[in-house]
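Keeping their order, the protein sequence lines are chains A and B.
The numbering of the first sequence is the working numbering, which starts it at 587 and goes up by one.
The numbering of the second sequence is the working numbering, which starts it at 6 and goes up by one.
From the three backbone atoms N, C-alpha and C, an ideal C-beta is built for every residue, glycine too.
The model shown is predicted, which means the values in this text are computed figures rather than measured ones.
Report on the following structure.
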Amino acid sequence: MTKQMEVDLKNQEELKLNLSTRDIIKEKFHAAMDRYKHQIIFMLVFFIVILIIVILTLIPPFNDPDKQYWYWDPVVEFFQLDNYAKPSLEHLLGTDQNGRDQLTRLFHAVRNSLAFGLFTGLICTGIAVFLGVIGPYKGGVVDGIASFITNIALVFPQIPLILLMSAVLRIRAWWITMLVIGLFTWSWAARSIRSQVLTIKERNFIKVAKMSALKGVRIAFYEVLPNVLPYVILAFIIFLGNAIVIEAGIAILGVGQQNWLTLGLLLQDALQAGWVQSFSYWLWIPPGICLILIYLSFFMVQSSLSQTFEQRTS
Amino acid sequence: MNLTEREIIEKEKNEEQDTISKSSEQSTIKKIISNSFLHMAIKKGIFYFVVFFIAISLAFLIPRIVPGNLLEYFYDARPAGTSPEAWAQLIAGLEEYLGLNYPLNIQYFNFLRDFFLEFKLGYSVIYDLEPVANLVLRALPYTMMLVIPVLIISFFVGNWLGARTGYTNSKKDKVFYYIFIVLQVAPFFWMAYVLVDIFVLKLHWFPWLSPGGVPNWAWDWDAISLIFDNFWLPFIILLITNIGGWATGAHALMTYEKAEDYITYGRKLGFRDKTLRKYAYRNSILPQFTGLNLRFNGLIGATLITEIIFRFPGLGYMMVDAFKKFDYALVIGTFIVTILIIVVGNYIIDMCYGILDPRIRVGGKGEA
């Protein structure tokens, strides 16, 4: 009996055993844990931290970022605004110039920044997927227009245009900034998705789908799109991180949105209210570290995911 | 029949060989400026001109189609002593002077004619109706003295560092790699605060917002030293963040390049590590050139934001300053010149890449 025969017999036995779905899930989970242990643990920790922050922003004492704190001053026998307080047990990250607790504001800023990145990433990914998938499938003029738009958007200056748009549109609403960032940062993903679609288009199952007289758009979005989904997810994660950082960048110049308290608005106060000059380092260092950690974690998720996908395809 | 066919094929082969030998006789300069190169240059030129045209059309249209007049700010900013009628008359005169009372299509035509024939970008309202072109040309050197050195130095130093650490890949180099990643992902505007806190406020090495602002360029030791005092911090910020970006890319490319067969073969032959690293470096640096365009665009954006943080009087500072004072001609003028820099820079980078990698020139024939 050779080794191969042994394995075959084992497989047959297993098939007869009628494994329950729970066992199969368990087995798959263990296989995944063996292979992608670091990635899974990292993602779990990341999502748990985000979840804790989101829950904390909903319950007191962290639910109101605009609450001002006062203290009893025995000298003048009056309540004084507790501003620029250093970190203490009462205020773990101190208070800002208006006597607001910085830790509360930081939690809200992280939550809002992530939500901002999520929505902007969805806009970017939508545009990129639409242009990347529809081009090769319609062909002809549509393909020409789609690739021309992508080529132009690739060399188009993003940040100057975002600055101009946010400067000229004097409405400081969150959806304006979201749309402005979303409309000008999608270009490279459209191109990479397009090249992926072009290779998948030549596979046999697409030919079968074409022979069974399915419509081009239906093939594009029901047959091809699931196969480029890994790249779409990668693009979405990169967009998410980029959108958060770009929003922070234009917020500190005072041309971004003003109604969501994001990390960028916290950093803007560092310039406007002079936190840097007044040595209030406990106010401006944590937002920056949060920004780095968020971007770094998205970067790591993206690089580990791309490694996983490369392993799968090879 | 068969004979003649063979003869024809042989003749064709001979002709091909003749052309090949002829082209190899040409001097190297003629080879560089061959047909394919010119072809690519023209194609790329047309493409970038179209990009530029679309961009300036957007710059013209966006402020005019959003609700609100361009001079709306001035309706409210009436000085206390003047009567409303006189003020309205003055604004009407200003509108006529700036050419805002024509219909949109004629304004567009005038705008294009003024720009392409005379390089006129309108008149700045906050600088006593000085032509915007003059103001922008005054600000341009400040931006360029940040962008060009940062681009060149960070490209070579970043790639060198990344390739070096990627080749050996020991524990010490892993630490360097993580530093590069943090530098790449760290938001440069926040790094600016850190450097200001350390070098300006704690160590007093550089002045923080010199009282008269940064002076205009002059061949005068005081002016130059003051400009360079304000120059170093934004320069260092942009340099280290860009080095991080290049180094991570070069590190990843080098780890792939190291696994190639020719490196193994060379090592078996007994080449020194230094020599092999040089070969691998040359091969791995080529893909980085394709990233140069995107990095250049990103660098321009980063430079604009850094200028505003450090109040370095380049294009970005002028743009946001003009926006805060509602001077739209100046905002659009700075935007157009920024786009001009990006388009010309991208064109030059593409041409350099065409010289370095001849395959691109052939590809340039197919698509723009």
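C-beta contact flag for residue i and residue j at 8 Å
i, j, result
"residue 151 of chain B", "residue 276 of chain B", "no"
"residue 234 of chain B", "residue 211 of chain B", "yes"
"residue 298 of chain B", "residue 344 of chain B", "no"
"residue 723 of chain A", "residue 802 of chain A", "yes"
"residue 182 of chain B", "residue 170 of chain B", "yes"
"residue 848 of chain A", "residue 837 of chain A", "yes"
"residue 164 of chain B", "residue 290 of chain B", "yes"
"residue 129 of chain B", "residue 123 of chain B", "no"
"residue 873 of chain A", "residue 891 of chain A", "no"
"residue 677 of chain A", "residue 666 of chain A", "no"
"residue 721 of chain A", "residue 727 of chain A", "no"
"residue 691 of chain A", "residue 646 of chain A", "no"
"residue 751 of chain A", "residue 67 of chain B", "yes"
"residue 706 of chain A", "residue 821 of chain A", "no"
"residue 187 of chain B", "residue 805 of chain A", "no"
"residue 889 of chain A", "residue 632 of chain A", "no"
Buried versus exposed call for residue i [16 or more other C-beta atoms within 10 Å across all chains shown]
i, result
"residue 747 of chain A", "buried"
"residue 372 of chain B", "Only weak support exists for where residue 372 of chain B lies, its pLDDT of 40 falling under 50; the coordinates are left without a value."
"residue 369 of chain B", "Caution applies to residue 369 of chain B, whose pLDDT of 45 falls short of 50 and renders its modelled position unreliable; the value that the coordinates give is listed next. So residue 369 of chain B ends up on the buried side."
"residue 1 of chain B", "Coverage of chain B is limited to positions 6 through 373, which leaves residue 1 of chain B absent and any answer about it impossible."
"residue 90 of chain B", "exposed"
"residue 95 of chain B", "exposed"
"residue 543 of chain A", "Within the shown structure, residues of chain A are numbered from 587 to 900, placing residue 543 of chain A beyond reach of any answer."
"residue 300 of chain B", "buried"
"residue 764 of chain A", "buried"
"residue 870 of chain A", "buried"
"residue 854 of chain A", "buried"
"residue 843 of chain A", "buried"
"residue 160 of chain B", "buried"
"residue 250 of chain B", "buried"
"residue 53 of chain B", "buried"
"residue 226 of chain B", "exposed"
"residue 864 of chain A", "exposed"
"residue 116 of chain B", "buried"
"residue 189 of chain B", "buried"
"residue 611 of chain A", "exposed"
"residue 759 of chain A", "exposed"
"residue 108 of chain B", "exposed"
"residue 209 of chain B", "exposed"
Close-in-space but distant-in-sequence residues of the same chain around residue i (CB under 7 Å, 5 per side omitted)
i, result
"residue 818 of chain A", "711, 715 and 779"
"residue 668 of chain A", "655, 656, 657, 681 and 685"
"residue 156 of chain B", "301 and 304"
"residue 341 of chain B", "61, 64 and 126"
"residue 887 of chain A", "629 and 823"
"residue 569 of chain A", "Because chain A here runs from 587 to 900, residue 569 of chain A falls outside it and cannot be looked at."
Sequence-distant residues of the same chain with beta carbon closer than 6 Å to residue i, five excluded per side
i, result
"residue 327 of chain B", "335 and 336"
"residue 739 of chain A", "773"
"residue 753 of chain A", "841"
"residue 362 of chain B", "none"
"residue 900 of chain A", "Because the pLDDT at residue 900 of chain A is just 46, under 50, the model does not fix this residue reliably, and the point stays unresolved."
"residue 696 of chain A", "639 and 876"
Own chain, CB closer than 8 Å to residue i, minus 5 neighbours either side, in chain order
i, result
"residue 285 of chain B", "168, 172, 259, 262, 263, 265 and 268"
"residue 237 of chain B", "211"
"residue 862 of chain A", "856 and 870"
"residue 196 of chain B", "242, 245 and 246"
"residue 713 of chain A", "768, 769, 772 and 776"
"residue 811 of chain A", "715, 719 and 818"
"residue 193 of chain B", "242, 243, 246, 307, 310 and 311"
For the stretch 808-824 of chain A, which residues have a beta carbon sitting closer than 8 Å to at least one beta carbon of chain B? none
Please list the residues of the stretch 42-65 of chain B that have a C-beta atom closer than 8 Å to any C-beta atom in chain A, keeping them in chain order. 52, 53, 55, 56, 59, 60, 63 and 64
Residues of the stretch 880-899 of chain A with a CB closer than 7 Å to any CB of chain B: list them in chain order, please. 881, 882 and 885
Can you list the alpha helix (DSSP H) stretches of 4 or more residues lying completely in the stretch 161-213 of chain B, in chain order? 176-190 and 193-200
Going along the chain, which residues of the stretch 315-337 of chain B sit with their C-beta nearer than 8 Å to a C-beta in chain A? 321, 324, 325, 328, 329, 333, 336 and 337
Relative to chain B, which residues along the stretch 862-875 of chain A have a C-beta separation below 9 Å, given in chain order? 862, 863, 865, 867, 870, 871, 873, 874 and 875
Return the chain-ordered ranges of every alpha helix (DSSP H) run that is complete within the stretch 327-371 of chain B and spans a minimum of 4 residues. 333-361 and 363-371
Interfacial residues, the stretch 174-192 of chain B to chain A, with Cβ spacing under 9 Å: 186, 187, 189, 190, 191 and 192
Of the residues that make up the stretch 623-640 of chain A, which ones have a beta carbon closer than 7 Å to any beta carbon in chain B? none
Give the residues from the stretch 198-210 of chain B that approach chain A closer than 8 Å (Cβ to any Cβ), ordered along the chain. 198, 199, 201, 202 and 206
Taking any Cβ of chain B, which residues in the stretch 717-750 of chain A have a Cβ under 9 Å from it, in chain order? 733, 734, 737, 738, 740, 741, 742, 743, 744, 745, 746, 747, 748, 749 and 750
Note down, in chain order, all residues in the stretch 838-852 of chain A with a beta-carbon under 8 Å from any beta-carbon belonging to chain B. 838, 839, 840 and 841
What are the residues in the stretch 288-317 of chain B lying within 8 Å of chain A by C-beta distance? 298, 299, 302, 303, 305, 306, 307, 309, 310, 313 and 314
Give, in chain order, every residue of the stretch 790-805 of chain A whose Cβ lies closer than 7 Å to some Cβ of chain B. none
Alpha helix (DSSP H) runs contained entirely in the stretch 222-293 of chain B, provided each spans 4 or more residues: 226-263 and 266-274
Going residue by residue through the stretch 613-649 of chain A, where are the continuous alpha helix (DSSP H) segments of at least 4 residues, counting only ones entirely within it? 623-642
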